[in-house]
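Report on the following structure.
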Amino acid sequence: MNHFVWFARDHDVLVLPEIPEESFLRYVTEHTGVDRRTLTVIVPPTPASSQSRMLSRDQLADPRLATEVLAALGGRPVEQVIPMWPDASVAVLAERLGALAALPGHAFIDQGGGAIVSSKAVFRAVAAGAGAPISPGAVCADAGAAEDAITRLIEQGHSVMVKLEYGAGGGGNEVLSPVEGTRPVGARRTVLLTDRGQVREYLAQHWDWLTDGGSHLLVVERYFNDSRAYYAEFHIEDQGIEFGGIGQLMHAPRYLAEVTPPELDAELQAELIEGGRKVCTPLHAMGYRGWLSADAVITPDRQVVFTEWNGRITSSTHAYHVLGEVVVGPGYAKDRVLLNNVWPRGWATPSFAAMRDAIAGAGLAYDPATRTGVLIVSGYNEARHGATYCTVAPDLDDAWEVNQRLGELFIPA
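All the letters of the sequence shown, read from the start, carry residue numbers 3 to 415 under the working numbering.
What follows is the structure in structure tokens.
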């Protein structure tokens, strides 16, 4: 969640689950031009979950948090409340601050709308109704319906993706395939299923996990082998729907990296943006305000097929909106590529400062003069011995080459 710091502007109050390292705060503000001295970071008094490292609803709705934020404001009015995720507890906090008008779409958020813009099941209904192309499949409330939907696709010779309604990062997805050797890109694993009996047995064994104990719906959709994943992100405002950016999502097999902008021809880019805008239109009418990422795959035969949405600040938003437009500069997409990397595997570095200094010592740190180099995106994670980062380069080949050099810096001998 520390990448939220990149959105900070002068005099902001940041509510975070933990205090970021001071060296990281100074690093970010040096790149964004924000005066670090004007920022206030508040950690809510209720302890955060040690597993999620995210703010909980109880924390945001705690009256003590509102009191602390008001004290930090010192009588200044709240101009805007920007939630990373539109939970109803954000509306509770905004009301206690006397700042409901500063929270766009507060009525939608207050009534649990955040669950709608995260649901893979609701997405299919809305996208289909709006005319955006989606993968053949079904939303299933019981195992019998799921059995029918999965078997129908398998009998047609297709592989199937099953999705938890609220899974994230591919961790709630599994590929069911009638043939061996199907790679589970964007999913935990592939399960070989060739007939109805095997489908029924699979569902009997895993239904509790697939539906979170029966409390959620299950999404079943055709899985397109050898397709590539992309996003088109928009900002939904009172005035309309503003295009944000597009990028490619890389998986091996789980989420690995993002490329902004993607290597797509003009025709496919236009289809991706047009379909994403169709997905946003009903949400605008419903009163949702905020960021919306419409995710899609492009198949080997050039079909653009939308797969889900994420109504929040995503792992993509800061890439184009801050790293691209603010740090690299307007027009970055014409002559630069941003390769955003998740937690590196196998790295060994003891701290944020050590990682920063090693990158600089190797001559790989981001240089505003050349508009190339490595930006450290998040604070240091002790469990992973590193931090997420973004490589800015003239083209993707150069970016991967820099990544290779980074690996040589941090992978222990």
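Beta carbons: idealized from backbone N, C-alpha and C, even for Gly.
Quick caveat, the model's predicted, so the values are computed rather than measured.
With respect to A123, V187 sits apart: the two C-beta atoms are not nearer than 8 angstroms. Nearest to R279 by C-alpha distance, out of G246, L251, A103, is G246. Closest in alpha carbon position to A231, among H218, M252, T213, is M252. By the neighbour-count criterion, in which a residue is buried when 16 or more other Cβ atoms sit within 10 angstroms of its Cβ, M56 is exposed. Secondary structure at H253: strand, using DSSP grouped into helix, strand and coil. With a cutoff of 8 angstroms on beta-carbon distance, D64 and P46 are scored as near each other.
Taking one beta carbon from each stretch, the stretch 358–375 and the stretch 385–397 have 3 or more pairs nearer than 8 angstroms; the two touch. The alpha-carbon of L155 is positioned some 41 angstroms away from that of H108. When the Cα atoms are used, T192 and V181 turn out to be separated by approximately 10 angstroms. The straight-line gap separating the alpha-carbon atoms of E239 and I152 is approximately 38 angstroms. 8 angstroms or more divides the Cβ of P22 from the Cβ of V36.
For T283, the uninterrupted alpha helix (DSSP H) segment begins and ends at 268–288. Short of 6 angstroms from the beta carbon of D112, and not among the five residues preceding or following it, lie these beta carbons of its own chain, in chain order: A90, A93. By the criterion of a C-beta distance shorter than 6 angstroms, I315 is surrounded in its chain by M86, W293, once the five residues flanking it on both sides are discounted. Put simply, the backbone Cα of E327 is about 7 angstroms away from that of G333. The beta carbon of F26 sits closer than 6 angstroms to those of F354, G381, all from its chain and outside the five residues before and after it, given in chain order.
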